[in-house]
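Reading through the C-alpha cells given below for one structure.
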Amino acid sequence: GAKEKGRDTIVVFEREMHTRVSERFELEQDLRYGLEQQQFQVYLQPQVDHQGTIRGAEALLRWQHPQRGLVSPIQFIPVAEQSGLIVPIGEWVLQQTLSVMRQCEAAGKPLRFAVNVSPRQFRQADFVDSVKRALQDSAADALHLTLELTEGLLIDDPQSTREKMAELADLGVHFSIDDFGTGYSSLSYLKRLPLRELKIDKSFVQDAPNDPSDAAIVETILAIAQHLHLTVIAEGVENDEQADFLRQRHCFLMQGYRFGRPIPAADFVEQWLASANP
Ligand code: C2E
Ligand code: MG
Ligand code: MG
Ligand code: MG
1 GAKEKGRDTI VVFEREMHTR VSERFELEQD LRYGLEQQQF QVYLQPQVDH
51 QGTIRGAEAL LRWQHPQRGL VSPIQFIPVA EQSGLIVPIG EWVLQQTLSV
101 MRQCEAAGKP LRFAVNVSPR QFRQADFVDS VKRALQDSAA DALHLTLELT
151 EGLLIDDPQS TREKMAELAD LGVHFSIDDF GTGYSSLSYL KRLPLRELKI
201 DKSFVQDAPN DPSDAAIVET ILAIAQHLHL TVIAEGVEND EQADFLRQRH
251 CFLMQGYRFG RPIPAADFVE QWLASANP
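So, in C-alpha cells, the structure goes:
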C-alpha cells in the first residue's frame, strides 16, 4: 500500500543521505590532507584582447588526488567553503599567484592576474589584512591584482563589504564581478562599490550568437558597463563565432578555450616570458 511505499522511500532516502554525508566528510578529510601534502596546483588561463594579445590570466585551482584523480573545483570548492578550508586554500592560491606575478614583473613583462575569492574567505574579519600581508611578502605590485567576487557576496552586509573593497582598491587592487548576470541581486551595488570589471558568465556567451535572449543579455551587460565606465570580459569563449559576436559589440577582453585552456602556472609563465608579446 501507499504507507509501505512511503516507508521504503524514506529508508532509501536515509541511506542516500548517509552516503552523501559520509562522502562529504571523506572529501573534507581528503582536502585537509591534500593541502598539507601539496596536492593542489594553480593553473592559469589567458585573458586576451580583441587582437588575441594576452592581457592577463585567471588563477584556477586544481586538485590532483592520488586515488580520485583530478578533482574539479565544482566538486570540492563547495565542501571547502562549508568546512572553512577555503580560507587557507584561498590564501595559498593568492600566494602562489602573487609569486608568479612578481616573477613576471621582475622579468620586465608584468601581467594582470585574477584570483577567485569565495564568500567565506571575503567575510573573514582579517581578509583585507591577509591580502595586504600576501602583497607585502611577495613584493608584487597591487596594481596587477584583480580579485573576482560573486554577486551574492556583494549584497549581504553592504557596509562592511564596501569598506573592505575600498581599502584594497586604495592600494590599486581591481575588483571584478564573476559570473555576472547569474545572481539575483539588484544592480544598485554597481554604483556603490569600487568595481573595475564585469565578467559575463559563460552561459550567456556560449549561445549569444544564436539565441536572441542571450544576445540581448550580453548587449545589456555591455551597455551597463559602458555607462558605469567598467571594463567587461567575457568568459567561456570557445569559438570564432562567439568571439566575433563579442568584438562586433565592443567587448574587447575574452577568456576561453578558443584562446587557451588553463595550464599549470609554471608552464604559463615560461610561455609568457618566452613570447614576443610586450
Ligand atoms: P569561474 O571563476 O567562473 O571560472 C571559469 C571556469 O570556466 C573555469 O572552470 C574554467 O576552467 C572554465 N572555462 C574556461 N574557459 C572555458 C571555455 O571556453 N568553455 C567552458 N565550458 N569552460 C571554460 P574551473 O576551473 O573548473 O573552475 C570552476 C569554478 O570553481 C570557477 O568558476 C570558480 O568559481 C571556482 N574556482 C576555481 N578556482 C578557484 C579558487 O582558487 N578559489 C575559489 N574560491 N574558487 C575557485
Ligand atoms: Mg572566476
Ligand atoms: Mg566566472
Ligand atoms: Mg562561471
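Residue numbers (our numbering): 1 to 278. Note that the Cβ used here is the ideal one computed from N, Cα and C, for glycine as well.
query	result
Given that a residue counts as buried once 16 or more other Cβ atoms are within 10 Å of its Cβ, and exposed if not, what is residue 191?	exposed
Would you mind sorting residue 22 into buried or exposed? The rule is 16 or more other CB atoms within 10 Å of its CB.	exposed
So, do the segment 181–191 and the segment 205–216 have three or more beta carbon pairs nearer to each other than 8 Å?	no
In terms of residues, what are the limits of the alpha helix (DSSP H) holding residue 161?	158–171
Give the secondary structure of residue 24 by DSSP, where H, G and I count as helix, E and B as strand, and everything else as coil.	helix
Report the partner residues of residue 56 according to the DSSP bridge assignment.	47 and 112
With a 10 Å radius around its C-beta and 16 neighbouring C-beta atoms as the bar for buried, classify residue 152 as buried or exposed.	exposed
Within 10 Å of its beta-carbon, does residue 201 have 16 or more other beta-carbons around it, so buried, or fewer, so exposed?	buried
What I want to know is whether the C-beta of residue 277 ends up closer than 6 Å to one or more non-hydrogen atoms of ligand 2.	no
Helix, strand or coil for residue 140 per DSSP?	coil
Leaving out five residues on either side along the sequence, give the residues of the same chain with a beta carbon under 6 Å from the beta carbon of residue 71.	63 and 65
List in chain order the residues whose CB is within less than 6 Å of at least one heavy atom of ligand 2.	58, 116, 148 and 178
Would you list the one or two residues that DSSP bridges to residue 199?	233
Under the three-state reduction of DSSP, which class applies to residue 151: helix, strand or coil?	helix
Let's see if you can read the secondary structure: which residues bound the beta strand (DSSP E) around residue 70?	69–71
State the Cα-Cα distance for the pair residue 86 and residue 92, rounded to the nearest angstrom.	10 Å
By DSSP's criteria, residue 146 is part of a beta bridge. Which residues make up the other side?	114 and 174
When DSSP labels each residue in this structure, what does residue 62 get in the three-state scheme?	strand
Can you tell me whether residue 246 is helix, strand or coil according to DSSP?	helix
Classify residue 204 as helix, strand or coil using the three-state DSSP reduction.	helix
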